[in-house]
Amino acid sequence: MAISEWIQALQDVAWPEFLLPHVEVLLLWITWAVDYIDLDYLEYLLWLLLPFFILFIFPIFLVLFIYGCVIFVHIYGHRHQIREAYHTRSAQKLRN
1 MAISEWIQAL QDVAWPEFLL PHVEVLLLWI TWAVDYIDLD YLEYLLWLLL PFFILFIFPI
61 FLVLFIYGCV IFVHIYGHRH QIREAYHTRS AQKLRN
């Protein structure tokens, strides 16, 4: 099985001392998940819930992305106006 070979390869890596406990716990969790979780059932759930994800979650992220872009462009426009105002004010001071 490819997953058990991959886990064995990860165990054989010389990990730094501070990472070793975390890697061991992660590998234990992965071996438990591979042994006790039915991957066919998870695939079934994925296909079952994928339309709901596309219908509800994806549009929410899309709207948040659009709002973020609008806010960024708005702030960028104001930043440009502020720079121009300071630039013209300093140029007027130099002329006087």
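Residue numbers for the sequence shown follow full-length UniProt numbering, so the first one is 1 and each next one is one higher. Beta carbons: idealized from backbone N, C-alpha and C, even for Gly. The structure presented is a predicted model; accordingly, all values stated were derived computationally and were not measured.
Less than 7 Å between C-beta atoms, sequence neighbours within five positions excluded: which residues of the same chain meet that for Gln11? Excluding sequence neighbours, Gln11 sits near Leu27.
Assigned secondary structure, Val13 (DSSP; H/G/I helix, E/B strand, else coil): Coil at Val13, not helix or strand.
Does DSSP classify Asp38 as helix, strand or coil? In this structure, Asp38 counts as coil in the three-state DSSP scheme.
Are the beta-carbon atoms belonging to Pro3 and Val34 less than 8 Å from one another? The identity of residue 3 in the sequence shown is Ile, whereas the question assumes Pro. With respect to the 8 Å criterion, Ile3 and Val34 are classified as neighbours on the basis of their beta carbons.
Determine the contact status of Ile7 and Ile37, defining contact as a CB-CB distance below 8 Å. It is not a contact, given that the beta carbons lie outside the stated cut-off.
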